[in-house]
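Participant: I have a structure here, written as structure tokens, and I will follow up with some questions on it.
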Amino acid sequence: MSTRDIVFVALFAALTAALGLFPPVTLPVVGVPITAQSMGVMLAGAIAGARRGGAALALFVVLVCAGLPLMAGGRGGLGIVMGPGGGFVLMWPVAAFVIGFLYERSLRTLTVWKEALILVLGGVVLTYAVGIPWIAAVARVDLMKAAIGSAWFLPGDAVKVVLAVLIARAVRRAYPTLQAR
Amino acid sequence: MIPYVPGESPVHRCPPGAKILVLIAAGTALFALPRLDVAVFMALAALGLAGLLSRVAGIPTRLMLAQLRPLAWILAVLVLVQLALDGWLAGLLVAARLAALVLLAGLVTLTTRSSDLIEALQRGLAWLKPLGANPAKAGLAIALTLRFIPVLAAITAEVREAQRARGLERSLVALTVPVVVRMLKMSDDIAAAIDARSYDPDRG
């Protein structure tokens, strides 16, 4: 990794932390609170790419585990990873890497729909695939119940995917950072 | 926010790396036990251990209970579900295990300075050197991240002012895009500045 890569890694780790400072937005219709933080995962992958984005989120998770209050609402510490939401958090670096990888692979042929699909795949499908069994294991509920419980986050995720696509497209036009694989 | 509680107890003086290893071992063991009654016993023992260690470390009980507060309603729902489906033993297991792990994790955080924990992580990374990890680079990235957070907050405040003047203060996109672009530009400048000072992480 070059110095520029290291600075980018730090930037997106900090961006994910800063998104936790946003007051949780409550959706007007269903009333589900969403935090902006998992958008940091999508933006890190989509703007910084696979290696730097994945490293950025890995760094973020390490800092959270070290007890820095970087999660939404000023939470931090190893308790986050040991708790029911730990699976989602631990998948964030992998999700950012996969999103970045798919972006770099299809950089020349990106359309709005393709971008949204990539973000849903990496930011939602992949994280839920580990997050839901994790809830089931920690909480000793069966998979189905854990899945239904997690479905409450889906409307928020949809909003985040739309925002991430809009932001990533605008940033890419203003300041291209990705290189096609 | 979890504060650090200074102290001189054996729990405080135990090296951070060892504390993390114990925590990982406890987390793995409590989930790996196959028999329900043994698991319940061990989870309760871990809960007792967390209480004992916090007493040794001189952490006020109030502060330990505060660790559980964010989990309180989740715990309540989980226990009710288990009671309805699997009986009281399973409910006890889920509650005791989750509480024990969160309390032990909280105890590590409460008795270890963030800087010591980060240093321990950096030393731990040295073991991964053959796999391509570079502790010096990780250290630089950590330092930069901690510095970037207040900078990001300041830039966000500035951009929010500017967008309010344009009547765009309610648009998240109009807020985030300029912030990210400015940070990307700044990152390139910082990287150039670091390189200009002949920083070489491979030589420390």
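These protein sequence lines are chains A and B, in that order.
Numbering-wise, this note's numbering puts 282 at position 181 of the first sequence, and it's gapless, one number per residue.
Numbering-wise, this note's numbering puts 1547 at position 104 of the second sequence, and it's gapless, one number per residue.
Cβ coordinates follow ideal geometry from the N, Cα and C atoms, glycine included.
1. Just how far apart, CA to CA, sit residue 1612 of chain B and residue 121 of chain A?
2. May I ask you to report which of helix, strand or coil DSSP gives residue 102 of chain A?
3. Short of 6 Å in beta carbon distance, which residues of its chain neighbour residue 129 of chain A, apart from the five on each side in sequence? Order them along the chain.
4. What does residue 102 of chain A touch in chain B if you count any residue whose Cβ is under 7 Å from its own?
5. Is there a Cβ from chain A that is less than 9 Å from the Cβ of residue 1628 of chain B?
6. With distances taken Cα to Cα, identify the nearest neighbour of residue 1535 of chain B among B:1523, B:1545, B:1458.
7. Can you grab the Cα-Cα spacing for the pair residue 242 of chain A / residue 1501 of chain B, in whole Å?
8. Can you tell me whether residue 1613 of chain B is helix, strand or coil according to DSSP?
9. So residue 1555 of chain B and residue 160 of chain A are in contact, right, with Cβ under 8 Å, and what is the actual spacing, rounded?
10. Chain A partners of residue 1468 of chain B, CB-CB under 9 Å?
11. Any residues in the segment 181-205 of chain A with a beta carbon nearer than 7 Å to a beta carbon of chain B? Which ones, in chain order?
12. Report the rounded CA-to-CA distance for residue 227 of chain A versus residue 1450 of chain B, giving the unit in angstroms.
13. For a test of the three-state rule: what should DSSP assign to residue 281 of chain A, helix, strand or coil?
14. Rounded to whole angstroms, how far is the Cβ of residue 244 of chain A from the Cβ of residue 237 of chain A, which I believe are closer than 8 Å?
15. DSSP three-state call for residue 1576 of chain B: helix, strand or coil?
16. If we call anything under 9 Å between Cβ atoms a contact, is residue 141 of chain A one with residue 198 of chain A?
17. So with CB distances below 7 Å, who are the chain B contacts of residue 278 of chain A?
18. Would you say residue 128 of chain A faces chain B, with C-beta separation under 9 Å as the test?
19. So is residue 1512 of chain B buried or exposed if we call it buried at 16+ other beta carbons inside 10 Å?
20. Below 8 Å, can you find three or more Cβ-Cβ pairs linking the segment 1560-1570 of chain B to the segment 189-207 of chain A?
21. In whole angstroms, give me the CA-to-CA distance for residue 271 of chain A and residue 153 of chain A.
22. Name the residues in the segment 221-253 of chain A whose C-beta lies less than 8 Å from a C-beta of chain B; which are they?
23. So residue 1626 of chain B and residue 112 of chain A are supposed to be a Cβ contact under 8 Å. How far apart are they, rounded?
24. Does DSSP classify residue 1557 of chain B as helix, strand or coil?
Facilitator: In brief:
1. Spanning the two alpha carbons is a distance of roughly 19 Å.
2. Here residue 102 of chain A sits in coil by DSSP.
3. Reliability of the predicted coordinates at residue 129 of chain A is poor, the pLDDT of 43 falling under 50, and no value is obtained from them.
4. Residues of chain B passing the Cβ test: 1580.
5. Yes - at least one Cβ of chain A is within 9 Å of the one on residue 1628 of chain B.
6. Comparing Cα-Cα distances from residue 1535 of chain B to each of B:1523, B:1545, B:1458, the minimum goes to B:1523.
7. In a straight line, the C-alpha of residue 242 of chain A is about 36 Å away from that of residue 1501 of chain B.
8. Residue 1613 of chain B falls in the coil class under three-state DSSP.
9. The Cβ separation is near 19 Å, so there is no contact.
10. Those within 9 Å of residue 1468 of chain B in chain A number zero; the least Cβ separation is about 13 Å.
11. Taking 7 Å as the Cβ-Cβ cut-off against chain B, the residues of the segment 181-205 of chain A that qualify are 183, 184, 185.
12. Cα to Cα, residue 227 of chain A sits roughly 42 Å from residue 1450 of chain B.
13. Coil.
14. Residue 244 of chain A to residue 237 of chain A, Cβ: 5 Å. Contact.
15. Taken through DSSP and simplified to helix, strand or coil, residue 1576 of chain B comes out as coil.
16. Not a contact, by the Cβ cut-off of 9 Å.
17. At a C-beta separation below 7 Å, residue 278 of chain A has these neighbours in chain B: 1627.
18. Because residue 128 of chain A carries a pLDDT of 42, less than 50, the predicted location of this residue cannot be relied on, and no value is offered for it.
19. When all chains shown are included, residue 1512 of chain B counts as exposed.
20. Taking a cut-off of 8 Å on C-beta distances, the segment 1560-1570 of chain B does not touch the segment 189-207 of chain A, as fewer than three cross pairs fall below it.
21. Approximately 20 Å between the Cα atoms of the pair.
22. Residues passing the 8 Å Cβ filter: 238, 239, 240, 241, 242, 246.
23. With 8 Å as the limit, residue 1626 of chain B and residue 112 of chain A qualify as a contact, their Cβ atoms being about 6 Å apart.
24. Three-state result, residue 1557 of chain B: helix.
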